[in-house]
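Student: Residue numbers (our numbering): 7 to 409.
C-beta: ideal position from N, C-alpha, C; glycine also.
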Amino acid sequence: MEFPVLSVGNESPFAAHFTWLDDFRPVAGGRVSVLLHGGDLPEEEFTVKSPSIPGIFRPVVVPLYAAEREVTVILESPRQTSVHRLGTHTVYPDKADIPPQREEEPAGAISYLKEQQWQVDFATAPVVQRTLRESIRAVATVRAADDGEAELSAPHDGQLARRGGRFPTVGTQVRKGEVLAVVGSPLGRELQGLGRDVSGTALRSPIDGVIAQVLATEGSYLHKGRPVFHIIDTRRLWLEARIPENEILKLHGADGAWVPLPGRDSPLVIETAGDDANGRLVAFSQVIDSRTRTAPLILEFDNPGQQLHIGMLAQAHIYTGTKANSLAVPVSAVVRDSGVPVVYVELGGETFERRVVQLGIRDGDNVEVRSGLAPGERVVSRGAYLVKLAASSPAEAGHGHAH
């Protein structure tokens with residue numbers, strides 16, 4: 007909110023910036039009223055019925071009474087009504103009575119305007135106390151669960167033929183017990199050439215899943231034991247992490263993991279306990295591999311939307327069982343400035359401050375801040391690098407201001 011000092015009979019144009027906090031986009035419609043009240047005087051109301059540009063409303067206030075007045079701004083829109091109390095402000099009898107005003111921004115303050123914020127992917131988040139879990143990094147491989155993989159082979163010599171519709175292909179979803187193909191007899195092959203149905207043994211899927219490989223072509227003649235279909239249930243997978251020898255003693259109880267996903271903002275989180283459990287600890291070997299100096303740890307997890315694929319390599323972070331209750335911010339709030347971790351603290355709607363922080367435990371989307379921030383402060387959680395750029399060219403940061 008920006009407005010000049012109030013005085014009786016003189017226009018004071020307000021510039022009220024409104025942003026939706028769920029997506030940090032400008033409020034594009036509605037009406038805004040400014041109320042002057044208190045001091046045992048009649049209430050005064052000044053209203054504008056629409057924004058001058060999306061996000062900025064410009065009611066003009068012309069006070070009638072000189073006094074200490076409470077200033078309240080009300081937004082009424084189809085989405086919600088919100089009331090903002092701006093505290094007590096002096097209404098002077100005349101412009102000549104207004105004392106000299108000095109506006110000083112804090113040293114090092116960075117200007118990044120609402121009009122700029124609304125045009126990019128921008129957000130802020132509070133500094134809050136969180137329970138964070140320590141983790142160790144390990145190279146991991148995604149593989150099928152032991153009971154989630156099957157290979158269908160020819161039960162005897164014979165010709166491979168379709169059953170019903172088209173012959174199954176890679177990626178076909180199949181159900182347990184579904185007939186995928188038929189392996190006929192030598193006699194059946196001859197009969198098929200005459201246009202008659204093949205008689206033989208049905209190949210039925212032993213599990214629900216997806217066909218990962220088709221290892222024989224339709225119409226080919228197979229010998230007993232020849233692999234035909236490789237089927238995998240991708241709804242539930244195993245993550246096999248190789249725990250380095252020098253990290254093993256940190257594992258007091260591997261109760262889950264988080265795994266960054268390429269192209270995704272949020273990691274896959276595997277929980278083995280509690281209300282959010284979506285997996286389980288399958289095994290943790292007590293034997294160190296003499297070649298890699300690692301021990302395998304296997305977690306089974308739900309794979310909604312098939313986010314991970316068989317054979318993928320992942321940089322997994324295995325929870326150690328150690329927890330800390332600390333101040334934390336989103337990982338996306340931290341940028342590196344000459345190798346130093348930095349966040350940008352919101353001093354006002356369009357003013358920010360560069361702050362060097364000391365980081366600790368990272369837990370998925372959040373990271374511990376051991377020094378540099380206080381509870382309740384807000385940091386730029388999306389668009390921090392753009393604020394960094396604004397700080398490097400302050401002369402450009404204020405250009406295009408629509409006030």
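For the beta strand (DSSP E) containing Gln135, list its first residue and its last residue.
Tutor: Where Gln135 is concerned, the enclosing beta strand (DSSP E) stretches over Val134 to Ala150.
Student: Using the beta-carbon count (16 or more within 10 Å), is Gly35 buried or exposed?
Tutor: Gly35 should be labelled exposed.
Student: CA-CA distance, Gln122 and Pro65?
Tutor: Taking the straight line joining both Cα atoms gives about 22 Å.
Student: With burial defined as no fewer than 16 other Cβ atoms inside 10 Å of the residue's Cβ, what is the status of Asp239: buried or exposed?
Tutor: Answer is buried; the Cβ neighbour count reaches 16.
Student: From Asp295 to Asn284, what distance separates their C-alpha atoms?
Tutor: Taking the straight line joining both Cα atoms gives about 29 Å.
Student: Taking 8 Å as the cut-off, decide whether the C-beta atoms of Ala390 and Ser117 are in contact.
Tutor: Cβ distance not < 8 Å, so Ala390 and Ser117 don't count as in contact.
Student: So, Leu243 versus Ala150, is the Cβ gap smaller than 8 Å?
Tutor: The answer is yes: Cβ separation under 8 Å.
Student: Assuming Leu287 contacts Thr278 (C-beta within less than 8 Å), just tell me the rounded distance between them.
Tutor: The pair is a contact, with the Cβ atoms about 5 Å apart (cut-off 8 Å).
Student: Put Tyr391 into one of helix, strand or coil per three-state DSSP.
Tutor: Here Tyr391 sits in helix by DSSP.
Student: Which residues in the same chain as Ser272 place their Cβ atom closer than 7 Å to its Cβ, once the five residues preceding and following it in sequence are excluded?
Tutor: Cβ within range, chain order: Asp371.
Student: Which whole runs of the beta strand (DSSP E) in the segment 318-358 are 3 residues long or more, in chain order?
Tutor: Qualifying beta strand (DSSP E) stretches, in chain order: 319-336, 341-343 and 346-354.
Student: Looking at the strands, I want to know which residues DSSP matches up with Pro105.
Tutor: DSSP, once it has assigned bridges, lists no residue as partnering Pro105.
Student: Once you ignore the five residues that flank Pro57 on each side, which residues in its own chain have a CB closer than 6 Å to its CB?
Tutor: Same-chain partners within the cutoff: Phe63.
Student: In chain order, what residues of the same chain lie with their CB nearer than 6 Å to the CB of Ser39, ignoring the 5 residues before and after it?
Tutor: Glu51, Thr53 and Ile80, listed in sequence order.
Student: If I'm right that Ala144 touches Arg248 with Cβ under 8 Å, what's the distance once you round it to whole angstroms?
Tutor: So it is a contact: roughly 6 Å between Cβ atoms.
Student: May I ask you to report which of helix, strand or coil DSSP gives Ser18?
Tutor: DSSP places Ser18 in strand when its eight states are reduced to three.
Student: For the putative contact between Arg297 and Ala131, defined by C-beta atoms under 8 Å, what is the C-beta separation to the nearest angstrom?
Tutor: 45 Å between Cβ atoms; not a contact.
Student: Taking 8 Å as the threshold, find out whether the segment 207-226 comes into contact with the segment 179-186 through three or more Cβ pairs.
Tutor: The answer is yes - the segment 179-186 touches the segment 207-226, with three or more Cβ pairs under 8 Å.
Student: Closest to Glu74 by CA distance: which of Ser88, Pro48 and Gln321 is it?
Tutor: Checked all of Ser88, Pro48 and Gln321; the closest Cα to Glu74 is Pro48.
Student: Near Gly317, what residues of its chain come up, given a Cβ to Cβ distance below 6 Å and the 5 sequence neighbours on each side ignored?
Tutor: Correct list: empty, nothing qualifies.
Student: Tell me the rounded alpha-carbon separation between Leu319 and Val265.
Tutor: Going from the Cα of Leu319 to the Cα of Val265 covers about 11 Å.
Student: Looking at the structure shown, is Ser296 part of a helix, part of a strand, or coil, going by DSSP?
Tutor: Ser296 falls in the coil class under three-state DSSP.
Student: Indicate, with yes or no, if the ligand ZN has a heavy atom lying under 7 Å from the CB of Asp103.
Tutor: The ligand ZN is not part of the structure shown, which contains no ligands of any sort.
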